[in-house]
Structure formats: C-alpha cells, structure tokens
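These protein sequence lines are chains R and G, in that order.
Per this note's numbering, residue 404 is the first one in the first sequence, and the count goes up by one each step.
Per this note's numbering, residue -5 is the first one in the second sequence, and the count goes up by one each step.
Backbone N, C-alpha and C fix where the C-beta goes; we use that ideal spot for every residue, glycine too.
Model, not experiment: these values are computed from the prediction.
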Amino acid sequence: MKILVCISKTPDTTAKIAFTDNNTKFASEGVQWIINPYDEWYALVRAIEMKEKDPTVQIQLVTVGGADADPIIRKALALGGDEAIRVDAEGQDSFFIASQIAGVAADGGFDLILTGKETIDHNGASIGGMVAELLDMDYVSLAVKLDMEQGKAVVTREIEGGEEICEAVLPLVVSCQKGMAEARIPNMRGIMAARSKPLKVVVPVPAASLTSIQSFELPLAKSGVKLISADHPEELVRLLHEEARII
Amino acid sequence: MSVLIFADQSEGHIRKSTYEALSYGAKVAELTGTVAEAIVLGPVLDSLSGLGKYGITKVHHVPDNGLEHMDARCYTAVIAEAVQQTGADTVIFSNNITGKAVAPRLSARLKAGLVAGAVSLPDLAGGFSVRRSVFSGKAYANVSIITPIRIITLNQNAYGIAESAGTAEVLNMTISSPASRLTFKSTSKVSGKVPLTEAEMVISGGRGLKGPEHWGLVEDLADLLGAATACSRAVADAHWRPHHEHVGQTGLAIAPNLYFAIGISGAIQHLAGVNRSKVIVVVNKDPEAPFFKAADYGIVGDAFEVMPKVIEAVRRLKAN
C-alpha cells in the first residue's frame, strides 16, 4: 500500500504573529518553523503506525515550498517517511497548492492521501477536499481514527456533536485530527537515516490561483481586564448581566 | 446572478449555524443587488418556507434519501449542478463540518475562489474582498476572490442571525447524485448537549480544578446558563474529560459569546482556540496567569471558594 502524506511548514505555535511590507507579508524573521502539527502528529504518525503494522506500506511525503522547507521535510523523513518530494514553488493560495499535490499524486498510484485537518497559519482546511476533487477521489474529513480492514479503510470521523464510523474503498483522501495517533519525536537512528533518504525537488505544474491576499490585520487589543474582588463574585454575575448583557 | 446558501441540516432539522449563513447570504445579496436563495439536501422535517424569515426568496430542495449522510463527493456534485441551474455567482456555507468538507471540493470543481472562515461581509470597493481568520485566530487576512463564481464559508458565531417577516417559495429540485462509495456503519452523538462549536456560552475547566471529581463546578454553571462544557488540553490528556471537549490550538476552535475559564492559565495554544470569543471571563488563583491579559472580566481567587458563590448568584438571577 502506498500512502502520500501532505506536509506543510508553519510557524511554531508560540511564534509572535506580526506583519511587514505594509501588512502584506508575515514577519518571518527569528521565527521557528515546524511541521504543521496536524500534518505531523496525526497524518504522518498514523501513516508510520500503519507501516509498523504492515511493512509493505510505503510512505511518500510531499510539500510545496522553497528550499527553506527542506529542514521540515527532513524532520518528517526522520520520523519515518520513506521518501519525499518538494514542489519548488511558493504557495499562493490553497487551490494552487492543492493543484501541485494533485500533480504529484496523479500518477503515483497512491491508495491513501493523508493531510492534517488544517494548517495553523492559514487555517483553510481546504487542501484535502481540493486534492480529492482534482483526482476524483473520495474524501473523509476530520478523521479521529483510521484502520485498514480487508482492503477497505474504516474511518471514524467527527460530525456535529458526535462521531460517525464509515467504510471507504481506496483510493481515499483523509484529513486527520486529534485522536488519530500519539505524537512522537524522531530518534537518532531516524535522524541519521533521514540524511540518505531521497528528497526529490520537482518544478510546479501550471496552476491558477483563485484568490489573493490583499493584507493582514492584527485584532484590536482588548481594553484590559476588569478585575472583580474574590470576596464578591456576585459582582461578576451582575456585570455579565447588566454591562456585558450576555447572561 | 444570485447568492446560493447551503442550508445544512441534521436529522431533518436546519442547524443554527445555517441561520447565520442564511442571514449573511441575504445581506451579501442586498449588497450585490441580487437575490438570496437556499439549497437543502436530503429529507427535512422543518418548514422550508420559513427560511424566508432570514431573507431567502427561494428554497431549492433536493429531497433524496441518499443524501442523509454527508458524503463530500456527492454533495459537491449536487451543489455544483444546482449552481449551474440557478445561475448563482456566490455560494455560501457555514464553516462547520459539512462546509469544511464540501466547499473546498466545490471550489476545485467550479474553479471558484474560496474564502474559508470568513468573519466579515465582502468589501466590494474595487473587487470582492472578504476578511477571514488566520494564524489560529491571532490575525485576519483580507482576501480577494478573483474568479467569476465565489465561495465563502462563514465562521460560526461571526455574523448575527437577522429575522424579519417573509416566506420563501419552496421548489423541488431534481438532481441525481452519484452513488456514494462510502458505507456508514454507525453514528454516536453526545445526546442532549449543545455542540461546542455552536454553543453561545461555554464553561471550561483546567488543571486548577485538581481532578475530574470537581467538575460539578463547571457543569452546575453550564446547566444554569444552558452552556456547553469544555476543557484545556492538559485536562483532556489526563483523561479527566473526553477529548471532544478540548478547546485550543490542537483541539476545537470556538467563538462563543461567553467563554468562562476556570483554573486555566491561558497558554498561547489555548488562547488560539478561544480568542475569537466575544467576552472572556477568567477565574484563576494566580494573578500572573497569562489568560488575564486576554480576558474581559477576571477574578483572582481560589475557584473552590469563588465558583460556588458565582453559581449561587446566577441561580438567584435566573430565579428572578
């Protein structure tokens, strides 16, 4: 079985969010970059767990980005990917990125394509669905559990206020979230092995962008907390009722 | 030209997040000088003509039984056909689970630009630009859609429901859906509780509550207010509470009118999931807890002393 895991580079969860160039670019100076947590902890680690259960599983990684994404993809190889492809292009919008991933996947013969449920920078939650549509594959989103049973994928997905179990034929695109796998860290053997694993750089396929970011904005700062004495908590209830008018 | 709003339903009932999307879509139609129409898939129990109250002129209903379960591939095929039949140039979804699954597929199918997680009405000065939430709620991006057909998914609790008098014309639409290749085995719902992402008020507990046996403080207040309950990551990881209650960067992102955090320090990863809440209340005994910087109201004090008094005061308020 061949699994394609989509990897995105994102700022660390604690990175300071600021913008430059008249608020049109993310201020990346001094920012620590990580594998998007949903791609790493859930999609990639689940693929690795499946490979540990069935050694015939092959894990291919794909990312869309410049050479500055290489350390991220090497880390993903160190965790347990077999080989990686980097599409050498700066992501413009989600449709452009999905088109690149679909381009890589089109003749790869993949049984499963796994993505994180969203990235923690753009939060579009769009790549999985777009890739599935471009390749005319089925798509199960927000999965919390994924197993193979007799050649079919059994997926537990989140629905509004609950969960649903469904069975899907391959090939299939799945977006992964918490519950899928336990986060792990690369060991020294993995890190050494990753150095010699293939990382192929390919040119982008022609693809359009359907949207463009005009500018970024930071939310207005809160006016400051109104502290209420611990001796009079009923005052909080009065304020929520009379001032904020929400209870 | 028209605005087509996908009216999401669950077990025959239109969802609350859909009313927000309908109200938003009606306003977009008004701004762009056109009409707002809705599309409903699968069997429904609610009166669809009633959607007129939210500014909808026509409801297109595709009543097929095969559409009861959400299969993104089938929903996309049907909605794409409906877009063509109605001539819609703007399609709106709630950014809920169905919207997140279907809107990207529809975008790729129609080559229609998608703004996912919109928090504002479109700005039509010099194009069609919509503000969306990015960096896990820590910033916004103004994104312009540069295609003839536009798709927007509206963040939950980002636009108020607007009701007025009105009746929509309900039309049955015949569109054959491709056969689903998914087999649905079972569905489990947490019954009787408000879904966290739809809740207007959320009461949440953290490690400061010291153990699952103290969750009565969270639940009593939630019951009195009709609020949903949530927790921090540490609490879910310690199995004090189920994972589906975890809000934060790697859990659910929510935007209720009231987020009431008890014994949660407010690490940046937690804030990422709740910083779009309208009013944040923090009860924590540590005055240095970072959450106070993001809060509107706060009490520095021991939750075990403070919360029973808060609950009592709410009970008195509700009794009056």
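Coil, strand or helix - residue i by DSSP
i: Gln435(R); result: coil
i: Ala230(G); result: helix
i: Asp550(R); result: strand
i: Val72(G); result: helix
i: Asn136(G); result: strand
i: Lys183(G); result: strand
i: Gly527(R); result: coil
i: Ile500(R); result: helix
i: Asn90(G); result: coil
i: Gln79(G); result: helix
i: Gly506(R); result: helix
i: Ile568(R); result: strand
i: Ile475(R); result: helix
i: Tyr153(G); result: coil
i: His7(G); result: strand
i: Arg99(G); result: helix
i: Arg587(R); result: coil
i: Ser17(G); result: helix
i: Thr12(G); result: helix
i: Glu620(R); result: strand
i: Arg175(G); result: coil
i: Ala222(G); result: strand
i: Lys279(G); result: coil
Residues near residue i in its chain [Cβ-Cβ closer than 6 Å; skip 5 each side]
i: Arg67(G); result: none
i: Gly322(G); result: Missing from the structure shown is residue 322(G); chain G here goes from -5 to 314 and no further.
i: Arg9(G); result: Asp2
i: Met195(G); result: Leu219, Ala221, Pro250, Leu252
i: Ala95(G); result: Ala66
Neighbouring residues, chain G, relative to residue i (Cβ below 7 Å)
i: Phe499(R); result: By Cβ distance, chain G contributes nothing, its closest Cβ being about 11 Å from Phe499(R), past 7 Å.
i: Cys569(R); result: Leu176, Thr177, Phe178, Lys179
i: Leu515(R); result: What Leu515(R) touches in chain G: nothing, since even the nearest Cβ is about 15 Å away.
Contact list for residue i against chain R, beta-carbon separation under 7 Å
i: Gly107(G); result: Leu613, Thr614
i: Val184(G); result: Gly564, Gly565
Interface residues of chain G facing residue i [CB-CB closer than 9 Å]
i: Ile523(R); result: Phe129, Ser130, Gln243, Thr244, Ala266
i: Val465(R); result: The contacting residues do not exist; Val465(R) stays about 17 Å from chain G at best.
i: Asn526(R); result: Ala110, Gly111, Arg126, Ser127, Val128, Phe129, Ser130, Gly131, Ala247
i: Phe619(R); result: Val128, Phe129, Ala133, Tyr134, Ala135, Asn136
i: Asp541(R); result: Asp65, Ala66, Arg67, Ser174, Arg175, Leu176
i: Thr417(R); result: Ala261, Ile262, Gln263
Cβ distance (whole Å) where residue i is taken to contact residue j below 8 Å
i: Ile650(R); j: Val308(G); result: 7 Å
i: Gly554(R); j: Tyr542(R); result: No, Gly554(R) and Tyr542(R) are not in contact; Cβ-Cβ is about 19 Å, not under 8 Å.
i: Val460(R); j: Met404(R); result: 5 Å
i: Asn90(G); j: Ser11(G); result: 5 Å
i: Leu176(G); j: Cys569(R); result: 5 Å
i: Leu575(R); j: Met540(R); result: 6 Å
i: Ala162(G); j: Ser4(G); result: Not really, about 20 Å apart at Cβ, beyond 8 Å.
i: Leu108(G); j: Leu613(R); result: 7 Å
i: Ser182(G); j: Asp65(G); result: Actually they are not in contact, since the Cβ atoms of Ser182(G) and Asp65(G) sit about 19 Å apart, beyond 8 Å.
i: Arg144(G); j: Asp83(G); result: 7 Å
i: Leu148(G); j: Ser198(G); result: In fact, because the Cβ distance is near 24 Å, the residues do not count as touching under 8 Å.
i: Val294(G); j: Ala633(R); result: 6 Å
Start-to-end residues for the alpha helix (DSSP H) that takes in residue i
i: His264(G); result: 262 to 268
i: Leu642(R); result: 637 to 645
i: Ile451(R); result: 448 to 456
i: Lys204(G); result: Careful: Lys204(G) lies outside any alpha helix (DSSP H) and carries neither H nor E.
Terminal residues of the beta strand (DSSP E) in which residue i lies
i: Pro414(R); result: 412 to 414
i: Val128(G); result: 123 to 128
i: His55(G); result: 52 to 56
i: Glu486(R); result: 486 to 490
i: Arg309(G); result: Unbroken run through Arg309(G) is the alpha helix (DSSP H), 297 to 313; no beta strand (DSSP E).
i: Phe0(G); result: -4 to 0
Interface residues of chain R facing residue i [CB-CB closer than 8 Å]
i: Ile139(G); result: Leu613, Thr614
i: Ile258(G); result: What Ile258(G) touches in chain R: nothing, since even the nearest Cβ is about 14 Å away.
i: Val275(G); result: Leu639, Leu643
Neighbouring residues, chain R, relative to residue i (Cβ below 9 Å)
i: Ala119(G); result: By Cβ distance, chain R contributes nothing, its closest Cβ being about 11 Å from Ala119(G), past 9 Å.
i: Tyr13(G); result: Ordered by position in chain R, no residue passes the 9 Å Cβ test against Tyr13(G), which lies about 14 Å from the chain.
Interface flag, residue i vs chain B, CB-CB below 8 Å
i: Gly295(G); result: The structure shown has no chain B; the protein chains it does contain are R and G.
Contact set between residue i and chain G, taken where Cβ atoms lie within less than 8 Å
i: Met533(R); result: Pro98, Arg99, Ser101, Ala102
i: Ala584(R); result: Neighbours of Ala584(R) on chain G: none; closest Cβ ~12 Å, over 8 Å.
Other residues of its chain near residue i: CB distance less than 8 Å, five sequence neighbours each side excluded
i: Leu61(G); result: Leu35, Gly36, Cys68, Tyr69, Val72, Ser171
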